[in-house]
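Please read the structure below before turning to the comments.
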Amino acid sequence: MVKLRSLFTALAAGVAAISGTAAAQAQVVAPASPNATYVNAPVMSKIPAAPRPGGGHCGIFETCASTKIGLGKGDFMIRLSGVGVLPQDRDSNVALHAGGTTIPLRNTHLSTTNQAMPELTLEYFLTDNISVDLIATSTRHEVAALGSDVPSLGGPRKLDVGSAWVLPPTLTFAWHFRPHKRFNPYVGVGVTAMWFHSMHANAGSPLGLTKLNSGFTGGPAVNAGFDYQLVGNWFFNADVKQVFVRMHAWAQNPAETLRVRAHESLDPTVVSAGIAYRF
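For reference, each letter of the sequence shown is one residue, going -26 to -1, 1 to 253 in mature numbering (1 follows the signal peptide of the UniProt record, and there is no 0).
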């Protein structure tokens, strides 16, 4: 009887032990693991690259996604060019004034030398197609008198009259054919004003005409050219202008008793090429 009771006690203890182990295992498995969120998270196919310092900056000599192609309304440009001024000297009207007498020198005309200088241009686009620009430069030219009448005045067939600087600001309105394109040709019309300054007569003039002066003048101008976008906001420009102006000049002796007056059709052709930057 005692043995039988001991057997039942052992069986009950075994069942209790087995039940306690199962419950403990259930309690361990049931709660979510602390790392379950990370284990079940989606795996990235590609790790993004770290941002580069200054990666969003577009350099002054770079064409970036944000760079505007071509020229259009609101654009402002500054252009530095090399310019050649080529006077045409189409016709001259020269006369000698002395003692109240005027002697026409019909076989004499003036010749003006060509010159090259730097030129500064400011340009603003009023619309996509229309721009206005202002050019400024100053060039020095030598003036000579040519013709068969010159020897009769006591000089050689070619007489050096003197030299003068000219400041010809030109305001032009241009029509651009291809706005917002890299290559953009144009034609324009405008007006030129001319101031002559720093004028010096030939000190060795045979008539003693050592004083040289000129009046203010001006006239219309037409031009044609193109802009081409090189990189970023940098453009190459080539331009040809034809200006129609007459020069009124006179040379006289110190006592102003002898004067030679000339009306000259300069009509210079102005050729330029240079680099521009858009703001």
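A virtual CB, placed ideally from N, CA and C, is assigned to each residue, including glycine.
Please read all numbers here as calculations on a predicted model, not as lab measurements.
Cα-Cα separation between residue i and residue j, rounded to whole angstroms
i, j, result
"F170", "I249", "28 Å"
"N158", "W149", "10 Å"
"G193", "L141", "14 Å"
"I109", "V196", "13 Å"
"A229", "G74", "14 Å"
"R131", "V106", "45 Å"
"Q89", "L204", "28 Å"
"K215", "S137", "23 Å"
"M168", "T113", "11 Å"
"G33", "K185", "55 Å"
"R252", "R156", "13 Å"
"V161", "D213", "9 Å"
"W224", "S188", "6 Å"
"F209", "T76", "54 Å"
"V2", "C38", "With a pLDDT of 46 at V2, under the threshold of 50, the modelled position of this residue cannot be trusted; read the value that follows with caution. C-alpha separation (whole angstroms): 60 Å."
"L94", "N227", "38 Å"
"S239", "Q62", "8 Å"
"K42", "I52", "17 Å"
"T111", "N211", "17 Å"
"S40", "H31", "10 Å"
"D102", "P78", "53 Å"
Opposing strand residues paired with residue i [DSSP bridges]
i, result
"G164", "T146, A195"
"I43", "I43 is not bridged to any residue."
"S85", "A118"
"E97", "M51, D107"
"Q203", "F209"
"R252", "M51"
"residue 273", "Outside the shown range of the chain (-26 to 253) lies residue 273, about which nothing can therefore be said."
"P92", "G56"
"D134", "A118"
"P159", "F200"
"H31", "Partner(s): none; H31 has no beta bridge."
Distance between beta carbons of residue j and residue i, contact taken as under 8 Å
i, j, result
"E36", "G199", "Their Cβ separation, rounded to whole angstroms, is 26 Å, which puts E36 and G199 out of contact at 8 Å."
"L120", "H83", "6 Å"
"R64", "D201", "31 Å between Cβ atoms; not a contact."
"S55", "S246", "4 Å"
"H115", "T144", "That pair is no contact at about 17 Å."
"F147", "V163", "6 Å"
"V57", "V244", "6 Å"
"D134", "N176", "5 Å"
Would you be able to state if there are at least three C-beta pairs under 8 Å between the region 91 to 100 and the region 48 to 66? Segments in contact, yes.
So, do the region 57 to 69 and the region 227 to 243 have three or more beta carbon pairs nearer to each other than 8 Å? The region 57 to 69, when compared against the region 227 to 243, does touch it at the 8 Å Cβ threshold.
For the structure I just gave you, are there three or more beta carbon pairs, one from the region 204 to 222 and one from the region 174 to 186, closer than 8 Å? No: the two stretches stay apart, fewer than three of their Cβ pairs being nearer than 8 Å.
List in chain order: all unbroken beta strand (DSSP E) runs of 3+ residues lying wholly within the region 214 to 241. Qualifying beta strand (DSSP E) stretches, in chain order: 220 to 226, 232 to 239.
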